[in-house]
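If you read the sequences in order, they're chains V and E. Under the numbering used here, the first residue of the first sequence is numbered 16, with each subsequent residue one higher. Under the numbering used here, the first residue of the second sequence is numbered 16, with each subsequent residue one higher.
There are 2 protein chains.
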Amino acid sequence: MIRYRLEASSDNARAGHIVTDHGEVPTPAFMPVGTQASVKALSSEEVAATGARMQIMNTYHLWLRPGAERIAELGGLHAFARWPHAIATDSGGFQAFSLAERTKMTEDGFEFASHLDGKRMKLTPEDAMRIQGLLGSDIAMQLDVCPPGNAAHADVLAAVERTTRWAERCLKAQGPGQSLFGIVQGGTNVELRLSHAETLGKLPFQGLALGGFSVGEPAEQMHRALVQIAHRLDDARPRYLMGVGSPEDLLIGVGAGIDLFDCVMPTRNARNGQAFTWAGKLTIKNARYRDDPLPLDPDCSCSACRGGYSRAYLRHLFVAGEILVLRMLSEHNLALYARLMREARAAIVANTFANFAAERLAVFRNLPDTTESG
Amino acid sequence: MIRYRLEASSDNARAGHIVTDHGEVPTPAFMPVGTQASVKALSSEEVAATGARMQIMNTYHLWLRPGAERIAELGGLHAFARWPHAIATDSGGFQAFSLAERTKMTEDGFEFASHLDGKRMKLTPEDAMRIQGLLGSDIAMQLDVCPPGNAAHADVLAAVERTTRWAERCLKAQGPGQSLFGIVQGGTNVELRLSHAETLGKLPFQGLALGGFSVGEPAEQMHRALVQIAHRLDDARPRYLMGVGSPEDLLIGVGAGIDLFDCVMPTRNARNGQAFTWAGKLTIKNARYRDDPLPLDPDCSCSACRGGYSRAYLRHLFVAGEILVLRMLSEHNLALYARLMREARAAIVANTFANFAAERLAVFRNLPDTTESG
């Protein structure tokens, strides 16, 4: 089971550790997404080299292929993916709802057709716990109901209530040695969020997550809600903001009191040719980089920047369709995210987080956008 | 300029060094193919870690994109691709003939339409030298005429004669500091090959290559020709068998007296899911590997095998479309090729190459083929 140890705080921002059976995760922390037990394009060694100490992997995908029983027989996700550090898994509910076909939700759970072969499947709270138990993650997530950003109030309310009932069922089905996080829903309705946080806070979860953000609502609306909600989640347990986000979102989230994040943005954007740098976003296919001898970011320690691979070379690789560049940009972006969290942590410990965040936000918000020219 | 230093021989097999301005290349050696200044899926550091000390890059592709002048301005191919070791470039003729569109060959050279944008281009022997000079490779190849494996005798003869005339034009256009190899043609006609080898051997090339093999003729026919031809190429200069081949081909080639090879096979087959191992070819998507906890090859030092990534995991990655596995198989296969050459070299130095090759050939020829079952 995990433990959370608070080390320092700076206003609502918190520095701590999540102590797991697979090492300590200094928080705030960003979890790279290893959807199919692989952070796309990167080896486990490379993910670890960026500084990441916890990955989140995808229960729905791994359940369907290669199968949870198979992974259990091969020693669980840590052995399977050769990732010796901590692993979280989501519940599978989000994909059962958004990726699978002909999905029906009842009080019992989700029924759907596999997006791979059309096979009818059922995912109940008990199934979600059983499957995550087989996968062997350090942190499992409860099955929840995640309404879209534009859902009507009645639907958001119903989602909250069903999520609570599923929370209790998940806790009953929790396996030994695996930690379980509850998921607070409620959209951008602060009152509903706080009430749900209070309800779930009374349950013996090892951590609490905010689900249902970054599902279509404007970023500012999410930010406004976050600063009112995050610090009200029980401060004895880790707080996890699911599926978020951009470097700006992370800074706002940490300031609001969040400890954990995950998002496909750094790796997905990388595969679309976008690098994050401390001086702005860099769209590598832009013609302006044709003759640019500089690395992506002279101030970065990822293997592409350290190795001196120029923007001109990376642009060439991208335009020529060479997959090496997808990996290099992925590693680069994850290194930036990990460093952002490290520096945020140091600022919290020094009790200067507000200044740090304001400075960084000013930079990130005024990033030169290279996507439109060249 | 390169120098060739013979160290030992074992029957016709030779161990030596090609001394270049970018380090010594122990021979026999296999050159990974970095078509677009990138060995597909691998960083330069990874290619070097397999043991390779010379890459061959593609003049046609790099000339069209990103452009030879651009690469020259960025410091040449070594700086551009961050490959500090030796580089050979082909002449571009093969792609001008096989990949470009509406190609016309005259005595002056090739005229064709770029396969990228249809632009009319011209590649003469002088162009081939100028472009390779801009790319800055250690070893340039002459422009040659490479007829298909089923070409009529008159066409093969005409190819030989034009190749000789282009050889002389390339030598006249050779830039300072760059070595140049002549290319012997003649198909599987041993008499024609030997006569062409004699003609080109009189010219001041720094090395001699055999082109026009592995162009559709049966492997046995190539092997029969090789053992009669290779050892008759001038023994003071490196001998390079272009575009060949399988591990078996390499063993036959080394035995015949060849020093250098290149082929896309180890990396292309990797991307199609095929790993070479000392115990046979391994088709990773085969269902038999679903639950296999072993690495590709317990006896291999590539990062995937050393890292303990199981066949079950690699199969999962391949089936799931994760690009990590393409890289892992590519590195693995190049590591096997490099090791095969290292072991062949040691056997030559120990004057036991015939036994070594016979043992290895027996294994490679009796490889269990995993492609058909499971």
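Glycine included, every Cβ here is placed at the ideal spot set by N, Cα and C. All of these numbers come straight from a predicted model, not from anything done at the bench.
With a beta-carbon spacing of about 18 Å, E/Met46 and E/Ala28 fall beyond the 8 Å limit used to define contacts. Taking the Cα positions, V/Gln147 is about 10 Å away from V/Leu195. Looking at the DSSP output, E/Val54 shares a beta bridge with no other residue.
Under the three-state reduction of DSSP, V/Tyr324 is assigned to coil, being neither helix nor strand. Secondary structure note for V/Gln70: it is in no alpha helix (DSSP H), and the uninterrupted beta strand (DSSP E) holding it is 69-72. DSSP places V/Phe228 outside both helix and strand once states are collapsed to three, so it counts as coil. Cβ neighbours of E/Asn284 within its own chain (closer than 7 Å, five residues either side excluded): Asn348.
In this structure, E/Val230 sits near E/Cys161, with a CB-CB distance shorter than 8 Å. Secondary structure at E/Ile33: strand, using DSSP grouped into helix, strand and coil. V/Arg18: member of the beta strand (DSSP E) spanning 18-25, first to last residue.
The closest CA to that of V/Gly222, considering only V/Ser210, V/Arg254, V/Ser345, is found on V/Arg254. Closer than 8 Å to the CB of V/Phe95 there is at least one CB belonging to chain E.
Close to V/Lys55, with beta-carbon spacing below 8 Å, are these residues of chain E in chain order: Glu337, Ile338, Leu339.
Proximity to E/Pro41 across E/Ser210, E/Gly49, E/Ile273, E/Asp123 peaks at E/Ile273, based on C-alpha coordinates. Interface criterion not met: the Cβ of E/Gln189 is under 8 Å from no Cβ in chain V.
Take E/Phe379, set aside five residues on each side of it, and the residues of its chain with a beta-carbon closer than 7 Å to its own are Pro262, Glu263, in chain order. Apart from sequence neighbours up to five positions away, the residues of its chain that approach E/Leu329 with a beta-carbon distance below 6 Å are Ile299, Val340, ordered along the chain. Linking E/Leu265 to E/His211 through their CA atoms gives a straight-line distance of about 23 Å. In this structure, DSSP gives E/Lys300 a state outside helix and strand, which the three-state scheme calls coil. Residues of chain V whose Cβ lies closer than 9 Å to the Cβ of E/His130 do not exist; the shortest such Cβ separation is about 12 Å. Taking 8 Å as the cut-off, the Cβ atoms of E/Asp277 and E/Ile71 count as close. Identification of residues in the region 38-54 of chain E having a C-beta nearer than 8 Å to some C-beta of chain V yields Gln51, Ala52, Ser53, given in sequence order. At a cut-off of 8 Å, the C-beta of E/Leu332 has a neighbouring C-beta in chain V.
When the alpha-carbon of V/Pro308 is set against those of E/Gly258, E/Arg20, E/Leu89, the nearest one is in E/Leu89. Nearest CB-CB separation between E/Asp306 and chain V: below the 8 Å threshold. When 8 Å is used as the limit between beta carbons, E/Leu89 is near these residues of chain V: Asp306, Pro308, Ser325, Ala327, Tyr328, in chain order. By the rule that beta-carbons nearer than 8 Å mark a contact, E/Glu60 touches chain V.
Nearest in C-alpha terms to E/Ala294, of all of E/Ala63, E/Asp312, E/His130, E/Ala271, is E/Asp312. Spanning the alpha carbons of V/Ala94 and E/Arg18 requires a straight line of approximately 49 Å.
Contact holds between the region 149-160 of chain E and the region 101-118 of chain E, because three or more Cβ pairs, one in each stretch, are under 8 Å apart. Beyond the five residues adjoining it in sequence on each side, V/Phe109 comes within less than 7 Å, by CB distance, of Cys161 in the same chain, given in chain order. Here V/Arg97 carries a coil assignment [DSSP, helix/strand/coil].
The contact set of E/Arg85 on chain V, defined by CB atoms closer than 8 Å, consists of Arg305, Asp306, Ala327 in chain order.
A Cβ-Cβ distance of about 22 Å is found for the pair V/Arg135 and V/Ala188, leaving them out of contact under the 8 Å criterion. The beta carbon of E/Ala372 is closer than 6 Å to those of Leu266, Gly270 in its chain, skipping five residues each way along the sequence. Under the DSSP definition of a beta bridge, E/Glu374 lacks any partner.
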